[in-house]
Amino acid sequence: MTLAGWTLLMAALLSAPEDVAERPVSLSVWAIEATNPAREDTAPNRTPIGGRTLAEGATSQRTPIGGGMARSMVAPRTTGPPSPARRFDDGAKPLERILADIPYTDFKTLYATRQNTAYRQDAVFPVCPKYKMFITPLDKEPDGRIRVNVRVEIPPERPEDKPVNALETRLVMAPGKEVKLRGFRLPQGELVIVLLAGG
Amino acid sequence: MTDCRWTKYVEAWFDGEPARARGVEAHLAECLKCAQRLKQLEQVRDGIIASRRRETISDNQFAAFMAGIRDGLEEAPAPGHRRFWPAFSLAAAALLIAIATFLILDTGPAPVKATEVESVSTDLDGAIVGFAVEDGVTTVWVNDFGKDID
Chain A
109 MTLAGWTLLM AALLSAPEDV AERPVSLSVW AIEATNPARE DTAPNRTPIG
159 GRTLAEGATS QRTPIGGGMA RSMVAPRTTG PPSPARRFDD GAKPLERILA
209 DIPYTDFKTL YATRQNTAYR QDAVFPVCPK YKMFITPLDK EPDGRIRVNV
259 RVEIPPERPE DKPVNALETR LVMAPGKEVK LRGFRLPQGE LVIVLLAGG
Chain B
353 MTDCRWTKYV EAWFDGEPAR ARGVEAHLAE CLKCAQRLKQ LEQVRDGIIA
403 SRRRETISDN QFAAFMAGIR DGLEEAPAPG HRRFWPAFSL AAAALLIAIA
453 TFLILDTGPA PVKATEVESV STDLDGAIVG FAVEDGVTTV WVNDFGKDID
């Protein structure tokens with residue numbers, strides 16, 4: 109075999125195999141406006157932080173991001189039954205089970221989309237005028253779960269101001285399993301974002 | 353006894369070669385050495401004839417005789433044939449063991465776990481964050497305790 113042939117053979121052997129994790133990730137997003145509170149207190153958590161009284165079934169963890177935007181994290185247990193008189197528009201109706209624990213009665217779809225996003229690229233979702241969401245698929249676990257970075261940002265009112273991260277989270281999402289983000293205040297209620305990753 | 357130069361012609365004549373037959377016969381009448389040599393050759397021939405025994409196969413021996421011939425013919429391909437089957441059996445057994453080992457140790461794909469929250473944070477002053485999993489649905493939340501979002 110000539111030198112060129114050996115060179116081609118070595119190049120073929122040493123070339124990196126195709127990475128299946130580089131296939132785009134399918135992201136489905138629903139932004140639901142929840143209004144008409146079913147009970148007086150609609151906050152997702154009323155439990156004090158810092159090791160004091162915790163809600164039943166809650167756990168306390170600290171997971172700082174980067175240089176230490178540390179916050180105490182508490183896993184609350186839902187309290188109280190959902191309101192019996194609940195109304196869902198056509199877009200929110202399929203999410204009725206997901207939204208069962210949201211203490212509001214009216215659910216209206218503000219934004220719904222599904223798009224494919226490449227790994228390590230930001231996908232922007234303008235869920236409503238008050239919030240903008242960024243999702244960045246990072247990598248894929250061997251069991252098929254997809255690691256994503258999700259950031260819900262409050263755009264600045266003035267151009268010279270900087271946006272504020274209302275929530276930033278890193279998730280390892282199981283395909284076909286919904287994730288709910290809530291607690292984003294709206295003038296008439298609360299914004300609930302439902303995410304679904306696949307592919 | 354040194355050979356006469358006619359000795360080789362005498363031996364050839366004894367073996368039936370017709371060349372110089374008359375010369376050999378005349379020489380034998382004159383040469384004592386060649387005559388003795390001829391007598392030795394005759395004695396050897398006569399001895400061989402006397403000791404030679406003709407083998408015969410009787411009727412009741414004929415079947416065994418033919419069976420022996422057939423066995424000799426059928427055994428001829430054995431050497432290569434014998435080596436192939438043991439090696440093949442060994443390779444087949446090794447393959448079966450390898451397949452069985454693979455099937456036993458292969459536990460299949462890992463079961464997919466639920467969504468995992470690796471980290472969560474907020475830049476909102478005074479707000480707290482948390483997460484919970486209920487009925488297979490993961491909820492990540494932020495609570496600013498009723499503050500207006502500017």
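Protein chains in written order, with this note's numbering: chain A, 109 to 307; chain B, 353 to 502.
Glycine included, each C-beta is placed from N, C-alpha and C at the ideal position.
Fair warning: this is a prediction, and the values are worked out from it, not measured in the lab.
Under the DSSP assignment, A/Phe215 falls in the beta strand (DSSP E) whose first and last residues are 212-225. In the three-state reduction of the DSSP assignment, A/Asp230 falls in the coil class. Straight through space, the alpha carbons of A/Asp197 and A/Asn273 are spaced by roughly 29 Å. In the structure shown, the three-state DSSP call for A/Leu207 is coil. Assignment of beta-bridge partners to A/Ala139 by DSSP yields A/Tyr219, A/Ile301.
Flagged as an interface residue toward chain A: B/Leu476, by a C-beta distance shorter than 8 Å. Considering only A/Val302, A/Tyr227, A/Pro152, the residue with the shortest C-alpha distance to A/Arg131 is A/Tyr227.
Taking all protein chains shown into account, B/Asn495 has 16 or more neighbouring C-beta atoms within 10 Å of its C-beta and is therefore buried.
Looking at the DSSP output, A/Lys248 bridges to A/Ile254. Per DSSP, B/Ala373 is one residue of the alpha helix (DSSP H) stretching across 373-380. Under a criterion of Cβ atoms nearer than 8 Å, no residue of chain B is adjacent to A/Ile243; the nearest Cβ is some 13 Å distant. A/Ala231 is not a Cβ neighbour of A/Ile140, given a cutoff of 8 Å. Annotation: A/Leu135 has no Cβ neighbours in chain B at a cutoff of 7 Å; minimum Cβ distance is about 14 Å. Annotation for B/Tyr361: Arg372, Val376 place their beta carbon closer than 6 Å to its own, counting only its chain and skipping 5 residues before and after. The beta-carbon distance between A/Leu289 and B/Val492, rounded to whole angstroms, is 5 Å. This is short enough to meet the 8 Å contact definition. Using beta-carbon distances, A/Ile206 counts as an interface residue toward chain B, with a partner under 8 Å.
In the displayed model, A/Arg194 falls within coil according to three-state DSSP, outside both helix and strand. Here A/Val256 is buried, its C-beta having at least 16 other C-beta atoms within 10 Å. Within the DSSP secondary-structure output, B/Trp493 pairs in a beta bridge with A/Arg290, B/Gly482.
By the C-beta density criterion, A/Val137 is buried, having at least 16 other C-beta atoms within 10 angstroms. Boundaries of the alpha helix (DSSP H) around B/Ser403: 384-403. By the Cβ neighbour-count rule, A/Pro202 is exposed, with fewer than 16 other Cβ atoms within 10 Å of its own. Chain-ordered, the chain B residues with CB closer than 7 Å to the CB of A/Gly291 read Trp493, Val494, Asn495.
At least 8 Å separates the beta-carbon of B/Trp365 from that of B/Cys383. Of the residues B/Glu369, B/Gly368, B/Glu363, B/Arg404, the one whose Cα lies closest to the Cα of B/Gln392 is B/Glu363.
For the options A/Asp247, A/Arg195, A/Glu261, A/Ala193, the alpha carbon positioned closest to that of A/Thr225 is the one of A/Asp247.
With its beta carbon at least 8 Å from every one in chain A, B/Gly420 lies outside the interface. The beta carbon of A/Val235 sits no closer than 8 Å to any beta carbon of chain B. Taking C-beta atoms under 8 Å as the contact rule, A/Gly291 and A/Pro152 qualify, at a distance of about 5 Å. When DSSP states are grouped into helix, strand and coil, A/Glu130 belongs to the helix group.
Counting only residues of its own chain and dropping the five nearest sequence neighbours on each side, B/Phe417 has a CB closer than 7 Å to the CB of Ile409.
B/Ala439 counts as exposed, since fewer than 16 other beta carbons sit within 10 angstroms of its beta carbon. Assignment of B/Ala452 by DSSP, reduced to helix, strand and coil, places it in the helix class. In the same chain as B/Val469, and ignoring 5 residues on each side of it, the C-beta atoms closer than 7 Å to its own belong to Phe483, Thr490, Val492, in chain order. Inclusion of A/Leu135 and A/Gln223 in the CB contact set at 8 Å is warranted, their separation being smaller than that value.
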